[in-house]
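Numbering (the UniProt record's numbering), first residue to last: 1 to 694. Yeah, the Cβ is synthetic: ideal placement off N, Cα and C, and Gly gets one too. Note that the structure is a prediction, hence the values are computed from the model and not measured.
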């Protein structure tokens with residue numbers, strides 16, 4: 001057999017995520033940890049495991065074997081597409097309060113498993129998002145838009161576009177709220193979201209490669225159009241229903257729900273996202289009380305894990321003060337200026353576990369309690385996340401010094417490890433983290449293996465994401481495997497996080513308010529020139545840029561608006577028309593298009609088509625229901641109308657991130673071929689200037 005190449009391995013391992021333990025639940029006594037893991041780095045089938053903390057013994061509870069290939073319920077299929085789920089087998093589960101029983105779906109069929117004995121019970125029902133009540137006696141799940149309890153329909157659609165118990169599109173895609181029903185702590189009732197999509201515009205996804213197949217229709221609320229009508233209802237297992245009441249005309253977004261023994265909290269947000277309210281709902285009457293209200297002139301970021309409450313009923317929240325996102329417990333700010341709170345990972349009794357950073361390339365864990373104050377519990381430079389329960393803390397660690405993920409469980413004895421079966425890349429990235437330019441932009445640079453400084457000038461390949469959705473310049477070795485592969489093909493590869501990316505404070509994030517392109521493009525160009533000043537081997541006469549999603553948008557914009565700097569681009573799934581993206585995400589940054597049309601014009605690139613004079617390759621999955629292929633097709637049509645040559649690579653059957661191994665591998669090879677053919681091959685003088693013919 002031929003040797004395994006990095007493109008093939010990267011595709012086969014789902015970007016080195018398969019085989020890595022995930023989705024941890026710690027029992028309230030801290031004795032056991034339940035988790036999912038597949039058997040190898042190229043095995044997509046997740047199995048359910050448990051760890052005994054005291055002994056470190058791992059035990060397999062549920063082995064799905066080979067997936068049957070059964071058709072998934074529509075809601076589950078949509079959830080997997082939204083979350084870019086590449087695994088199969090058991091991809092999600094839920095437990096009772098004591099963590100002695102779990103429920104899961106396998107090929108849509110529901111089962112429970114006794115977490116102490118391993119006994120599995122088929123429930124004889126199909127559906128998605130099954131949830132146990134606190135006692136473990138009752139199961140709620142969704143099937144055909146209806147909420148079922150113990151196998152019988154409890155809340156059924158009362159209109160053709162109504163669903164019960166599921167999140168609407170923008171909640172799942174933009175708010176990180178992936179569920180739509182919650183059991184009360186005592187198991188006597190449920191809180192259920194009713195979603196009515198009747199007023200939402202309909203978009204259609206067809207497969208041009210299969211003209212006999214009818215298009216899939218979905219409710220998609222594009223910027224400036226109507227959202228789904230979302231209400232919350234309290235219901236008993238007998239079907240007695242009470243609506244939760246708040247000012248829905250002013251606060252149409254349901255951003256988060258937290259229902260613990262300390263009360264029922266609902267976070268709602270205004271359409272312009274400048275105001276949020278934390279509401280406490282009465283489980284008997286549905287009446288709500290405002291616990292706090294926050295406002296901002298641009299937008300308020302939704303912080304995962306908030307709102308929450310400690311065992312002492314203190315509100316766990318974040319506020320933006322001193323250009324810092326700070327943790328608030330009760331009425332007190334408990335983290336200092338300069339330490340950015342990114343998410344709340346767990347609340348264990350009166351102890352809060354938070355992920356924070358004071359250096360944008362790292363992520364660290366802190367606990368806070370009234371008894372112990374603020375305590376940093378990770379120190380090794382790297383990326384740390386995890387969870388906590390029963391006095392036990394589980395930490396996942398990635399660094400630049402070693403491949404893979406370390407999973408450590410601590411509490412009451414020596415640390416215990418959970419085995420990771422993740423694959424080790426066939427190459428080892430050699431990454432240098434740098435701080436570039438006047439804004440100290442965080443960057444990562446990679447050279448070909450064995451490159452001797454001063455031996456030759458290298459074409460430069462920028463490979464950013466650089467958008468509000470996430471940072472790339474982080475201390476995780478395997479995340480740079482593809483960049484190192486491109487470097488080994490003869491490039492100096494530069495990855496840069498500019499303004500708008502998370503981890504550097506509210507002002508940095510909001511630098512893209514009403515203009516998602518100008519600052520981001522300026523930062524990429526500034527970082528490139530600063531890097532060339534530090535590394536003379538970078539050839540500024542041969543500069544390419546590649547990216548996907550926001551990164552693809554940035555890549556296309558780079559050659560359209562700055563052809564003097566960028567000489568070729570590969571743009572994957574780019575958002576070319578800002579008006580063709582969803583309400584919650586796009587209006588957060590650009591406002592309502594009816595109020596700020598100029599912001600949408602500035603942030604769209606179709607009108608720039610006549611300016612193209614550099615090679616541009618557009619790549620798009622035709623089944624993409626996040627960034628629709630219309631973005632690429634409209635830009636291509638504008639380029640054609642302007643007589644500007646360009647390349648379009650359509651990917652039939654591919655959604656936003658391709659799951660097909662052969663497609664993912666060959667796409668990297670085709671990108672490389674395009675860049676090699678379209679970058680100038682001549683050497684420039686020592687100043688890196690000169691003509692750059694196509």
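Discussion item. The alpha helix (DSSP H) that contains residue 526, what's its start and end?
Written reply: Taking the chain shown and counting its residues from 1, the one referred to as residue 526 is at position 526. Taken as a continuous stretch (DSSP letters only), the alpha helix (DSSP H) holding residue 526 covers 518 to 534.
Practice prompt. Kindly list the residues whose CB is nearer than 8 Å to the CB of residue 115, restricted to its own chain and excluding five residues on each side of it in sequence; keep chain order.
Written response: Indexing the chain shown from 1 puts residue 115 at position 115. For residue 115, the CB contacts under 8 Å within the same chain, skipping 5 residues up- and downstream, are 32, 34, 50, 61, 95, 99, 100, 101 and 102 in chain order.
Discussion item. Measuring only the C-alpha atoms, how far is residue 386 from residue 581?
Written reply: Locating residue 386 in the chain shown gives position 386, where the first residue counts as 1. Locating residue 581 in the chain shown gives position 581, where the first residue counts as 1. Distance from the CA atom of residue 386 to the CA atom of residue 581, rounded to whole angstroms, is 32 Å.
Discussion item. Give me the DSSP bridge partner(s) of residue 93.
Written reply: To locate residue 93, count along the chain shown from 1; it is residue 93. According to DSSP, which records beta bridges pairwise, residue 93 is partnered with 104.
Discussion item. Quick check on the burial criterion: 16 or more other C-beta atoms within 10 angstroms. Buried or exposed for residue 304?
Written reply: Within the chain shown, the letter at position 304 stands for residue 304. Answer is exposed; the Cβ neighbour count stays below 16.
Discussion item. Alpha carbons only, please: which of 151, 438, 488 and 254 is nearest the one belonging to residue 531?
Written reply: Residue mapping note: residue 531 aligns to position 531 of the chain shown, counting from 1. The option with the nearest alpha carbon to residue 531 is 438.
Worksheet item: Which full runs of the alpha helix (DSSP H) of 4+ residues lie inside the region 447 to 495, going along the chain?
Response: Qualifying alpha helix (DSSP H) stretches, in chain order: 481 to 488.
Discussion item. Going by C-alpha to C-alpha distance, which of 225, 243 and 271 sits closest to residue 255?
Written reply: As a first step, residue 255 must be located in the chain shown, where it is residue number 255. Checked all of 225, 243 and 271; the closest Cα to residue 255 is 271.
Practice prompt. Could you check if residue 155 is buried or exposed, using at least 16 other CB atoms within 10 Å of its CB as the buried criterion?
Written response: If you number the chain shown from 1, residue 155 lands on position 155. Label assigned to residue 155: buried.
Item to complete: Give the secondary structure of residue 513 by DSSP, where H, G and I count as helix, E and B as strand, and everything else as coil.
Response: By one-based count along the chain shown, residue 513 stands at place 513. Note: residue 513 maps to coil in three-state DSSP.
Worksheet item: Just how far apart, CA to CA, sit residue 321 and residue 337?
Response: By one-based count along the chain shown, residue 321 stands at place 321. By one-based count along the chain shown, residue 337 stands at place 337. Counting only the Cα atoms, residue 337 lies some 8 Å from residue 321.
Worksheet item: Does DSSP put residue 46 in a helix, a strand or coil?
Response: Here the question's residue 46 lines up with position 46 in the chain shown. In this structure, residue 46 counts as strand in the three-state DSSP scheme.
Fill in: Distance, residue 476 Cα to residue 400 Cα
Start at 1 with the first residue of the chain shown, and residue 400 comes out as number 400. Start at 1 with the first residue of the chain shown, and residue 476 comes out as number 476. One C-alpha to the other measures close to 5 Å.
Worksheet item: So is residue 204 buried or exposed if we call it buried at 16+ other beta carbons inside 10 Å?
Response: For this step, residue 204 is matched to residue 204 along the chain shown. With fewer than 16 Cβ atoms within 10 Å of its Cβ, residue 204 is classed as exposed.
Practice prompt. Just the C-alpha distance for residue 483 and residue 241, rounded to the nearest angstrom, thanks.
Written response: Taking the chain shown and counting its residues from 1, one reaches residue 483 at position 483. Taking the chain shown and counting its residues from 1, one reaches residue 241 at position 241. Looking at the two C-alpha atoms, the distance is approximately 54 Å.
Fill in: Residue from 496, 368 and 169 with nearest C-alpha to residue 434
Stepping through the chain shown from its first residue, residue 434 is reached at position 434. Checked all of 496, 368 and 169; the closest Cα to residue 434 is 496.
Fill in: Top-ranked residue by Cα proximity to residue 232, from 268, 481 and 461
Numbered from its first residue, the chain shown carries residue 232 at position 232. Per the C-alpha coordinates, the member of 268, 481 and 461 positioned closest to residue 232 is 268.
Practice prompt. Return the Cβ separation of residue 142 and residue 150 in integer angstroms, given the expectation that the two are a contact with Cβ distance under 8 Å.
Written response: As a position in the chain shown, residue 142 is number 142, starting the count at 1. As a position in the chain shown, residue 150 is number 150, starting the count at 1. In fact, because the Cβ distance is near 14 Å, the residues do not count as touching under 8 Å.
Discussion item. Judging by CA-CA distance, which residue of 362, 402 and 312 is the nearest neighbour of residue 369?
Written reply: Start at 1 with the first residue of the chain shown, and residue 369 comes out as number 369. Nearest to residue 369 by C-alpha distance, out of 362, 402 and 312, is 312.
Worksheet item: Would residue 669 be called buried (16 or more neighbouring beta carbons within 10 Å of its own) or exposed?
Response: As a working mapping, residue 669 is identified with position 669 in the chain shown. Exposed.
Worksheet item: Which of the three DSSP states, helix, strand or coil, is assigned to residue 167?
Response: Along the chain shown, read from residue 1 onward, the residue named residue 167 stands at position 167. If DSSP states are grouped into helix, strand and coil, residue 167 belongs with coil.
Practice prompt. Mind reading off the beta-carbon distance from residue 665 to residue 570? Whole number of angstroms is fine, and I expect it under 8 Å.
Written response: One-based indexing of the chain shown puts residue 665 at position 665. One-based indexing of the chain shown puts residue 570 at position 570. Contact flag wrong, Cβ pair sits at about 16 Å.
Worksheet item: Is residue 274 helix, strand or coil when you go by DSSP?
Response: In the chain shown, residue 274 corresponds to position 274, counting from 1. Reduced to three states, the DSSP call for residue 274 is coil.
Worksheet entry | residue 676 versus residue 539: straight-line alpha-carbon distance, rounded | Walking along the chain shown from the start, residue 676 turns up at place 676. Walking along the chain shown from the start, residue 539 turns up at place 539. In a straight line, the C-alpha of residue 676 is about 14 Å away from that of residue 539.
Worksheet item: What runs of the beta strand (DSSP E), each 3 residues or longer, lie entirely inside the region 615 to 661?
Response: Taking only runs of at least 3 residues, the beta strand (DSSP E) segments lying wholly in the region 615 to 661 are 616 to 621 and 647 to 651.
Worksheet entry | Nonlocal neighbours in the same chain, by C-beta distance under 8 Å from residue 392, ignoring five residues either side | Counted from its first residue, the chain shown places residue 392 at position 392. So the qualifying residues of the chain are 26, 30, 33, 53, 409, 410, 411 and 412.
Item to complete: Pick helix, strand or coil for residue 608, following the three-state DSSP scheme.
Response: Translated into positions along the chain shown, residue 608 becomes position 608. Of the three classes helix, strand and coil, the one that applies to residue 608 here is helix, per DSSP.
Worksheet item: Which residue from 548, 628 and 500 puts its Cα closest to that of residue 217?
Response: As a working mapping, residue 217 is identified with position 217 in the chain shown. It is 628.
Item to complete: Count the other C-beta atoms from every protein chain shown that fall within 10 angstroms of the C-beta of residue 135, then say buried if there are 16 or more, exposed otherwise.
Response: Stepping through the chain shown from its first residue, residue 135 is reached at position 135. Classification of residue 135: exposed, given that the 10 Å Cβ count is below 16.
Item to complete: Measure the C-alpha to C-alpha separation of residue 202 and residue 440 and round it to an integer number of angstroms.
Response: Here residue 202 is taken as the residue at index 202 of the chain shown, counted from 1. Here residue 440 is taken as the residue at index 440 of the chain shown, counted from 1. Pairing residue 202 with residue 440, the inter-Cα distance amounts to about 44 Å.
Worksheet entry | Secondary structure of residue 183, DSSP reduced to three states | Taking the chain shown and counting its residues from 1, one reaches residue 183 at position 183. Of the three classes helix, strand and coil, the one that applies to residue 183 here is strand, per DSSP.
Fill in: Runs of beta strand (DSSP E) lying entirely within the region 10 to 56, each at least 3 residues, in chain order
Taking only runs of at least 3 residues, the beta strand (DSSP E) segments lying wholly in the region 10 to 56 are 22 to 26, 32 to 37 and 45 to 52.
Practice prompt. Name the one or two DSSP bridge partners that residue 244 has.
Written response: Translated into the one-based positions of the chain shown, residue 244 becomes position 244. Partner(s): none; residue 244 has no beta bridge.
Fill in: Cross-strand partners of residue 359 (DSSP beta bridge)
Residue 359 sits at position 359 when you count from the first residue of the chain shown. Partner residues in a beta bridge of residue 359, as assigned by DSSP, do not exist.
Worksheet item: Run through DSSP, which three-state label would residue 253 get?
Response: As a working mapping, residue 253 is identified with position 253 in the chain shown. Residue state, collapsed to three classes: strand.
Worksheet item: How do the region 631 to 643 and the region 584 to 596 stand: do at least 3 beta-carbon pairs fall below 8 Å, yes or no?
Response: Judged by Cβ distances under 8 Å, the region 631 to 643 makes no contact with the region 584 to 596, as fewer than three pairs qualify.
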